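Novice: Following this message is one structure expressed as structure tokens.
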Amino acid sequence: MAAIQQHKSLPFLLLLLTAAGVTGGGAPYIIKSTCARAKNATWLTPYRYCVRTLSADPAAASARDARGLAVAAADLTATNVTSTMVVLAELMDSLEMCMAMYKAMNRSIVGALDDLRAGRLDAAWPKIKDASYGPTSQTTASWRSWRGTPTRTR
1 MAAIQQHKSL
11 PFLLLLLTAA
21 GVTGGGAPYI
31 IKSTCARAKN
41 ATWLTPYRYC
51 VRTLSADPAA
61 ASARDARGLA
71 VAAADLTATN
81 VTSTMVVLAE
91 LMDSLEMCMA
101 MYKAMNRSIV
111 GALDDLRAGR
121 LDAAWPKIKD
131 ASYGPTSQTT
141 ASWRSWRGTP
151 TRTR
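Per the numbering used here, the very first residue in the sequence shown carries number 1; after that it's consecutive.
Dropping the structure here:
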């Protein structure tokens, strides 16, 4: 969720940096003054979050002018957008897998109901058993465990 919040906040910082033309001073002043302007200009950029995010990034923390901070903020934004896209793609893959499993479960249980209504208990039992082996929380956790975590590269 933090990546999504950064995705909303950091592009606005880029606009403030380029429009304000902040220059000179050390990185802490640039970061604090930019974050203060961002906080006052939009509700999407909490001041403490902005300062923590930019200060934690080595490129932003060492920026000596608005251009350097803008490049660092743009890099953070690109990283967060890419990371969010990876997470969303994985979520879509997992949802597709879930959908396929639930469709199979539905076929099994519908077939079992037909058999039960017709009095074919022996035919219904394997279908009910198949439907009961559907996705569980352990299955979902194992899908996530084999996927890598997106990492930032410069």
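Where is the CB? At the ideal position from N, CA and C, for every residue including glycine. These numbers come from a predicted model, not from an experiment.
From Gly26 to Asn40, what does the alpha carbon distance come to, in whole angstroms?
Specialist: Here Gly26 scores only 40 on pLDDT, less than 50, and its place in the model is too uncertain to base an answer on.
Novice: For Met92, I'd like the list of residues in its chain whose CB is within less than 7 angstroms of its CB, leaving aside the five on either flank, ordered along the chain.
Specialist: Within the same chain, Met92 has no close Cβ partners at all.
Novice: Spatial neighbours of Ala124 within its chain, please: CB distance less than 6 angstroms, with the 5 preceding and 5 following residues excluded, ordered by chain position.
Specialist: Excluding sequence neighbours, Ala124 sits near Ala112, Asp115, Leu116.
Novice: Determine the closest residue to Leu54 out of Leu95, Trp43, Asp75, Thr42, with distance taken between C-alpha atoms.
Specialist: Nearest option by C-alpha distance: Asp75.
Novice: Just verifying my parser: in three-state terms, what is the DSSP assignment at Tyr133?
Specialist: Three-state result, Tyr133: coil.
Novice: Taking 7 angstroms as the threshold (C-beta atoms), are Ala72 and Ala60 in contact?
Specialist: Yes, these two residues count as a Cβ contact at 7 angstroms.
Novice: In or out: Ser132 buried (at least 16 other Cβ within 10 Å) or exposed?
Specialist: Flag for Ser132 reads exposed.
Novice: Rounded to a whole number of angstroms, what is the C-alpha to C-alpha distance between Gly68 and Leu88?
Specialist: Going by the C-alpha atoms only, they are around 30 angstroms apart.
Novice: Whole angstroms are fine: how far does the CA of Lys103 sit from the CA of Ile109?
Specialist: C-alpha separation (whole angstroms): 10 angstroms.
Novice: Can you round the beta-carbon distance between Ile30 and Ala66 to whole angstroms, since I take them to be within the 8 angstroms contact cut?
Specialist: Contact holds; Cβ gap of about 7 angstroms.
Novice: Give the secondary structure of Gly111 by DSSP, where H, G and I count as helix, E and B as strand, and everything else as coil.
Specialist: Correct three-state label for Gly111: helix.
Novice: Mark Lys127 as exposed unless 16 or more other C-beta atoms lie within 10 angstroms of its C-beta, in which case mark it buried.
Specialist: Burial call: buried.
Novice: Reducing DSSP to helix, strand and coil, say where Ala70 ends up.
Specialist: Three-state DSSP puts Ala70 in a helix.
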